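Add 682 to a position in the sequence shown, counting from 1, and you land on the number used in my numbering.
Quick reminder that beta carbons are idealized off the backbone N, C-alpha and C, glycines included.
Treat the numbers as computed from the prediction; the structure is a model and nothing was measured.
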Amino acid sequence: MANSISFEPMNLDHLRVMDEWKYNAYFPDFDLSAYHASHEKGLTPLPGPAGCEGFAVKDGEALIGLFEYYRDVDGQPEIGMALNPRFIYQGLGKQVMRAGIDFLLHQRDYRERFIYLTVAIKNVPAVRFYQKFGFSTYRDVVDQDGVITDLKMKYELRGA
């Protein structure tokens, strides 16, 4: 797998496949409701959470992931990534992330120094993956009770 990774704007066919993805207890709430709301409004392609650009990640005809690009509430550029659960722990995560970064740099003319993301602290496999990839935590996100819920992470683009 991962010989010909491509990115297609999210559409209803992709959404229907992703609706079937089931994850473990670390990531039980794979939320596609923003894409469904976009479909109900008749938008095409389907914007995702926070109006993000969502892309189905494909390897040939196989739908292997979701890649998102958006600006958070502070205007900071962020990405989001989810791998089809059938392909987790098969080494595809690094390839999808590298392809996603390359896609941003070349297809979206991304010129920022860093790529940012937010990950739920309880999603331990994802936190470990991002750390191994080279992302570092720069801020904790805490709820009203002072409990850390998410990590803000960044990855420096060398030579960008």
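- Taking the Cα positions, residue 812 is about 9 Å away from residue 799.
- Taking all protein chains in view, the Cβ of residue 691 is surrounded by fewer than 16 other Cβ atoms within 10 Å, so the residue is classified as exposed.
- Using a Cβ-Cβ distance cut-off of 8 Å, the stretch 758-769 and the stretch 691-706 are in contact, since at least three pairs of beta carbons, one from each stretch, lie closer than that value.
- DSSP, reduced to helix, strand and coil, places residue 704 outside both helices and strands of the structure shown, so it counts as coil.
- Taking all protein chains in view, the Cβ of residue 830 is surrounded by fewer than 16 other Cβ atoms within 10 Å, so the residue is classified as exposed.
- Contact check between the stretch 778-788 and the stretch 723-731: fewer than three CB pairs, one atom from each, fall below 8 Å, which does not count as touching.
- Residue state for residue 815 is assigned as helix, using DSSP reduced to three classes.
- Inter-residue distance for residue 754 and residue 742 is about 31 Å (C-alpha atoms, whole angstroms).
- Here the alpha carbons of residue 717 and residue 806 stand approximately 25 Å from one another.
- Sequence-distant Cβ neighbours of residue 822 in its own chain, meaning closer than 7 Å and more than five residues away, are 830, 833.
- As the crow flies, the alpha-carbon of residue 744 is around 18 Å from that of residue 785.
- Counting of Cβ neighbours within 10 angstroms places residue 707 among the exposed residues, the total staying below 16.
- In the DSSP annotation of this structure, the continuous segment of the alpha helix (DSSP H) that includes residue 716 starts and ends at 715-722.
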